[in-house]
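All remarks here apply to the structure that follows.
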Amino acid sequence: MRLSEVGILLFMVDCILCNNYIFSRFLGCCPFLGVSSKVETSIGMGLAVTFVMGLASLFTWAVHEYVLMPLNLTYLNTIAFIFIIASLVQFVEMFMKKSLPALYSALGIYLPLITTNCAVLGAALLNIQSSYGLLESVLNGVFGALGFMLAIVIMAGVRERLESSDIPLPFKGFSISLVIAGMMSVAFLGFKGLV
Amino acid sequence: MPIVYAVAVMCALGAVFGVVLSFADKKFAVPVDERVQLIREKLAGANCGACGFPGCDGFAEAVAKGEAPVNGCPPGGSDTATALAEIMGVSVGVGVQEVARLRCQGEKGVANESFEYDGIKTCFAASEFSGGPKACQYSCIGLGDCMRACVFDAIEIVNGIAVINPDKCTACGMCVDACPRNLIALLPKESTVLVRCMSLNNARVTRQSCSKGCIGCKRCEKACEFDAIHVVNGIAVIDAEKCTNCKACVEVCPNACITVA
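Protein chains in written order, with the numbering used here: chain A, 1 to 195; chain B, 1 to 261.
Written out as structure tokens, the structure is:
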């Protein structure tokens, strides 16, 4: 999906609904299941991921374009990107602690978790694979993360209701969450071919 | 030659990020309360949650902020409380050192069994099933829910009942919550004379189901010179504050259900 062909709106729809990172690409399932017990915290996680994924897309694209490509070292993409994401998360954490303490205490424990969120690395690598330009990469990162946020917030809403429902014992806890995640994934399959 | 570039690029990237991060660390340094670290080091470090905070780190932070009492770490006991009080610059009234005690002696051969239980091996499951495998529905089942709850390895199942090692016990209270029959209680470590029965059955049923059950005969009540033991709801209860560990009640108990720990 090229930005120049479909325009920004359809590009967004494509990133959020059609190629949702969790439901279609199955990336970032760990935080999706781990931090989706309350709507409030899941929004926090979603915002943090959006922030980091946008920045990571920018930096990884730049490093790939201006460092690895000219030197013919594109096979180093993965390891270099992990490097960048880890450093970036560290940096963002320090920056937030100092400048945005309110946001830091809200996101607090989720920030370091993003280092190991494979959706972030996935977005960075997919940007390169799809030979996106700078703008496309950043937009893909931000919109992809918004899709992640949508998924995690829906999941949190469902799980909040599950708390007060009568679930058969074998399904209680994690198993029902996985079943629901699967069903939502099937539902999101319906968006395929929308754009 | 390309491998040299590869190594060089990764080193360069690492160096750049390292420099940026170390610079950022200085630039964005936030003064943290250094007492948190000091307090954290003095804690027992088992993350048992007995203090009511999320782990030892959470408790250390709360203490530094003045939101938690310095003697709020049960496993640490008085040593930790004194150390924390010193760091925080407050005085502490050292509380009574407590220890978990099992209030049942229904081991194999003492308590009668009403059937052979072959279900899920937890006390909770067994106690839910037809009043439990032992004839006394107030007895220790001995399937080790408390043993599994104990993070300090202080409980063993010996001869069908839980045995708590008072030297390892830190009075964190995890076993108290784990016991489906509420047989474990945190009692002062100094009071060594214990009534080890919780049976609310009448004397006849208690006698039929267990040879060491309290039948509420009140002999101990009469023997006590200090007004420290009373029969309440058919079982003897010792008032730890009045008890002097004189053992007068131990000698008169016909069923040997008052013991010296």
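All residues carry an ideal CB built from backbone N, CA and C; glycine is no exception.
Could I get the ranges of all uninterrupted alpha helix (DSSP H) runs contained in the region 56-121 of chain A, with 4 residues as the minimum, in chain order? Those alpha helix (DSSP H) runs which fall completely within the region 56-121 of chain A and span 4+ residues are 77-99, 101-107 and 110-114.
Listed by chain order, chain A residues near residue 17 of chain B by CB distance under 8 angstroms: Locating residue 17 of chain B in the second sequence gives position 17, where the first residue counts as 1. Neighbours of residue 17 of chain B on chain A, chain order: 83, 84 and 87.
Counting only runs that start and end within the region 57-142 of chain B, where is the alpha helix (DSSP H) found for 4 or more residues in a row? Along the length of the region 57-142 of chain B, whole alpha helix (DSSP H) runs at least 4 residues long occupy 77-88 and 123-128, reported in chain order.
Do you know whose CA, among A:37, A:152, A:62 and A:10, lies nearest residue 27 of chain A's CA? Working through the first sequence from its first residue, we reach residue 27 of chain A at position 27. The shortest Cα separation from residue 27 of chain A among A:37, A:152, A:62 and A:10 belongs to A:152.
Does residue 36 of chain A pass the burial test, meaning 16 or more other C-beta atoms within 10 Å, or should it be called exposed? By one-based count along the first sequence, residue 36 of chain A stands at place 36. Counting every other CB atom within 10 Å of its CB across the protein chains shown gives residue 36 of chain A a total of 16 or more, marking it as buried.
Length of the line joining the Cα atoms of residue 189 of chain A and residue 65 of chain A: Here residue 189 of chain A corresponds to residue number 189 of the first sequence, with the count starting at 1. Here residue 65 of chain A corresponds to residue number 65 of the first sequence, with the count starting at 1. Between residue 189 of chain A and residue 65 of chain A, the C-alpha separation is close to 33 angstroms.
Assuming residue 73 of chain B and residue 51 of chain B make a contact with CB atoms under 8 angstroms, what is their CB distance in whole Å? By one-based count along the second sequence, residue 73 of chain B stands at place 73. By one-based count along the second sequence, residue 51 of chain B stands at place 51. With 8 angstroms as the limit, residue 73 of chain B and residue 51 of chain B qualify as a contact, their Cβ atoms being about 6 angstroms apart.
Interface partners of residue 94 of chain A on chain B, CB under 9 angstroms: Residue numbering aside, residue 94 of chain A sits at position 94 when the first sequence is read from its first letter. Those within 9 angstroms of residue 94 of chain A in chain B are 21, 24, 25, 27, 28, 29 and 30.
So who's on the other strand from residue 210 of chain B, going by DSSP bridges? Position 210 of the second sequence, counted from the start, is the residue given in the question as residue 210 of chain B. B:111, per the DSSP bridge assignment.
Is it buried or exposed, residue 258 of chain B, if we count other Cβ atoms within 10 angstroms and call 16 or more buried? The count along the second sequence starts at 1 and reaches residue 258 of chain B at position 258. Buried, since its Cβ has 16 or more Cβ neighbours within 10 Å.
Does DSSP classify residue 43 of chain B as helix, strand or coil? Residue numbering aside, residue 43 of chain B sits at position 43 when the second sequence is read from its first letter. Coil, per DSSP.
With 16 other CB atoms within 10 Å as the buried threshold, where does residue 137 of chain A fall? As a working mapping, residue 137 of chain A is identified with position 137 in the first sequence. Burial of residue 137 of chain A is indicated by the presence of at least 16 other C-beta atoms within 10 angstroms of its C-beta.
Rounded to whole angstroms, what's the CA-CA distance from residue 252 of chain B to residue 221 of chain B? Just pull it up for me. Position 252 of the second sequence, counted from the start, is the residue given in the question as residue 252 of chain B. Position 221 of the second sequence, counted from the start, is the residue given in the question as residue 221 of chain B. CA-to-CA, the gap between residue 252 of chain B and residue 221 of chain B works out to about 10 angstroms.
Are residue 76 of chain A and residue 10 of chain B close, meaning C-beta to C-beta below 8 angstroms? Residue 76 of chain A sits at position 76 when you count from the first residue of the first sequence. Residue 10 of chain B sits at position 10 when you count from the first residue of the second sequence. Pairing residue 76 of chain A with residue 10 of chain B gives a Cβ-Cβ distance under 8 angstroms.
Can you check whether the C-beta of residue 1 of chain B is within less than 8 angstroms of a C-beta belonging to chain A? Position 1 of the second sequence, counted from the first residue, corresponds to residue 1 of chain B. Judged by the 8 angstroms Cβ criterion, residue 1 of chain B is not in contact with chain A.
Which residues does DSSP pair with residue 260 of chain B in a beta bridge? Mapped onto the second sequence, residue 260 of chain B falls at position 260. Under DSSP, the beta-bridge partners assigned to residue 260 of chain B are B:193.
Roughly how many angstroms separate the alpha carbons of residue 69 of chain B and residue 67 of chain A, rounded to a whole number? For this step, residue 69 of chain B is matched to residue 69 along the second sequence. For this step, residue 67 of chain A is matched to residue 67 along the first sequence. Distance between the alpha carbons of residue 69 of chain B and residue 67 of chain A is about 55 angstroms.
Compare the C-beta of residue 129 of chain A with all C-beta atoms of chain B and state if any pair is closer than 8 angstroms. Taking the first residue of the first sequence as 1, we reach residue 129 of chain A at position 129. For residue 129 of chain A, the answer is no, since every Cβ of chain B falls outside 8 angstroms of its Cβ.
Looking at chain A, which residues of the region 186-201 of chain B have a Cβ within less than 8 angstroms of any of its Cβ atoms? Taking 8 angstroms as the Cβ-Cβ cut-off against chain A, none of the residues of the region 186-201 of chain B qualify.
Residue environment, residue 145 of chain B, which counts as buried when at least 16 other CB atoms sit within 10 Å: Within the second sequence, the letter at position 145 stands for residue 145 of chain B. Counting of Cβ neighbours within 10 angstroms places residue 145 of chain B among the buried residues, the total reaching 16 or more.
Under the rule that 16 or more other beta-carbon atoms within 10 Å means buried, what is residue 192 of chain A, buried or exposed? Here residue 192 of chain A refers to the residue found at position 192 of the first sequence. Of the residues assessed, residue 192 of chain A falls on the exposed side of the cut-off, its CB having fewer than 16 other CB atoms within 10 angstroms.
Members of the region 128-151 of chain A near chain B, C-beta cut-off 7 angstroms: Per Cβ criterion, the list is empty.
Beta-carbon spacing of residue 149 of chain B, residue 178 of chain B below 8 angstroms: To locate residue 149 of chain B, count along the second sequence from 1; it is residue 149. To locate residue 178 of chain B, count along the second sequence from 1; it is residue 178. Yes, these two residues count as a Cβ contact at 8 angstroms.
Alpha carbon of residue 110 of chain A to alpha carbon of residue 78 of chain B, nearest angstrom: Translated into positions along the first sequence, residue 110 of chain A becomes position 110. Translated into positions along the second sequence, residue 78 of chain B becomes position 78. Each residue's alpha carbon lies about 36 angstroms from the other.
In the region 98-125 of chain A, which residues sit with their C-beta less than 7 angstroms from some C-beta in chain B, listed in chain order? If you check each beta-carbon in the region 98-125 of chain A against every beta-carbon of chain B, the ones closer than 7 angstroms belong to 98.
Listed by chain order, chain A residues near residue 14 of chain B by CB distance under 8 angstroms: For the purposes of this step, residue 14 of chain B is taken as residue 14 along the second sequence, with counting starting at 1. The answer, in chain order, is 83.
Around the Cβ of residue 18 of chain A, are there at least 16 other Cβ atoms within 10 angstroms (buried) or fewer (exposed)? Within the first sequence, the letter at position 18 stands for residue 18 of chain A. Under a 10 Å Cβ-count criterion, residue 18 of chain A is classified as buried, with 16 or more other Cβ atoms of the shown protein chains found around its own Cβ.
Residue closest to residue 124 of chain A, alpha-carbon to alpha-carbon, out of A:29, A:40 and A:59: The residue labelled residue 124 of chain A in the question sits at position 124 within the first sequence. Cα-wise, what sits closest to residue 124 of chain A is A:59.
Please classify residue 199 of chain B as buried or exposed, where buried requires at least 16 neighbouring CB atoms within 10 angstroms. Translated into positions along the second sequence, residue 199 of chain B becomes position 199. When all chains shown are included, residue 199 of chain B counts as buried.
So, with DSSP's three-state summary, where would you put residue 156 of chain B? Counting from 1 along the second sequence, the entry for residue 156 of chain B is found at position 156. Here residue 156 of chain B sits in strand by DSSP.
Residue interval of the beta strand (DSSP E) (run including residue 232 of chain B): Here residue 232 of chain B refers to the residue found at position 232 when the second sequence is read from its first residue. Note, residue 232 of chain B: beta strand (DSSP E), 229-232.
Cβ closer than 9 angstroms: which chain A residues qualify as neighbours of residue 4 of chain B? Translated into the one-based positions of the second sequence, residue 4 of chain B becomes position 4. Within chain A, no C-beta atom comes nearer than 9 angstroms to that of residue 4 of chain B; the closest sits roughly 11 angstroms away.
Provide the residue(s) that pair with residue 163 of chain B in DSSP beta bridges, ordered along the chain. Here residue 163 of chain B refers to the residue found at position 163 when the second sequence is read from its first residue. BP columns for residue 163 of chain B point to B:156.
Alpha-carbon spacing of residue 154 of chain B relative to residue 191 of chain B, whole angstroms: The sequence position of residue 154 of chain B within the second sequence is 154, counting from 1. The sequence position of residue 191 of chain B within the second sequence is 191, counting from 1. Going by C-alpha positions, residue 154 of chain B is about 19 angstroms away from residue 191 of chain B.
Per-residue contacts from residue 174 of chain B into chain A (C-beta, under 9 angstroms): By one-based count along the second sequence, residue 174 of chain B stands at place 174. What residue 174 of chain B touches in chain A: nothing, since even the nearest Cβ is about 21 angstroms away.
Is residue 186 of chain B helix, strand or coil when you go by DSSP? Along the second sequence, read from residue 1 onward, the residue named residue 186 of chain B stands at position 186. The answer is strand: DSSP assigns residue 186 of chain B an E or B state.
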